[in-house]
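Written below as structure tokens is the structure these notes are about.
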Amino acid sequence: MKYLIWILVILLAIWAFKRSRRVKSDAPKEQPPASAPSTPTNMAVCLHCGIHLPQEEAVTGEKGLYCSSEHRAVAQDRNPL
Ligand SMILES: [Zn+2]
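Residues 4 to 84 (the numbering used here) make up the sequence shown, in order.
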């Protein structure tokens with residue numbers, strides 16, 4: 004009979020522990036997940052090395068966009084401006 008009481012106490016402790024953990028883990032889920040930024044940036048691909056970079060950082064050539072003026076020069080492209 005003594006063991007039965009101890010088993011009940013342990014089960015109650017485990018239940019209380021799980022319950023308290025579930026309450027704590029549920030709290031942050033109420034907030035919306037911080038996913039991708041709300042303002043997507045247009046990505047450009049360098050014609051020479053194929054690296055992806057934001058379009059505003061890309062260097063413009065007559066044939067397309069490059070990651071740097073060096074790669075535009077290597078690709079024998081010129082600035083259209
Ligand atoms: Zn490049």
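Idealized CB from N, CA, C, for every residue including glycine. Note that the structure is predicted; figures quoted are calculated from it, not measured.
Q. What separation, rounded to the nearest whole angstrom, lies between the Cα atoms of L11 and R24?
A. Going by the C-alpha atoms only, they are around 20 Å apart.
Q: Starting from the N-terminal end, write out each residue whose C-beta falls within a distance shorter than 7 Å of any non-hydrogen atom of ligand 1.
A: Near ligand 1, meaning a Cβ closer than 7 Å to any of its heavy atoms, lie the following residues in chain order: C49, H51, C52, I54, Y69, C70, S71, H74.
Q: Might you give, ordered along the chain, the residues of its own chain that have their beta carbon closer than 7 Å to the beta carbon of S71, omitting 5 neighbours on each side?
A: The answer, listed in chain order, is V62.
Q. Of all the options H51, Q58, H55, Y6, which has the alpha carbon lying nearest to the alpha carbon of K66?
A. Looking from the CA of K66, the closest CA among H51, Q58, H55, Y6 belongs to H51.
Q.
What residue range does the alpha helix (DSSP H) around H74 cover?
A. DSSP places H74 in the uninterrupted alpha helix (DSSP H) bounded by 72-77.
(Q) Using only the alpha-carbon positions, how far apart do R75 and N45 sit? (A) The straight-line gap from Cα to Cα measures roughly 20 Å.
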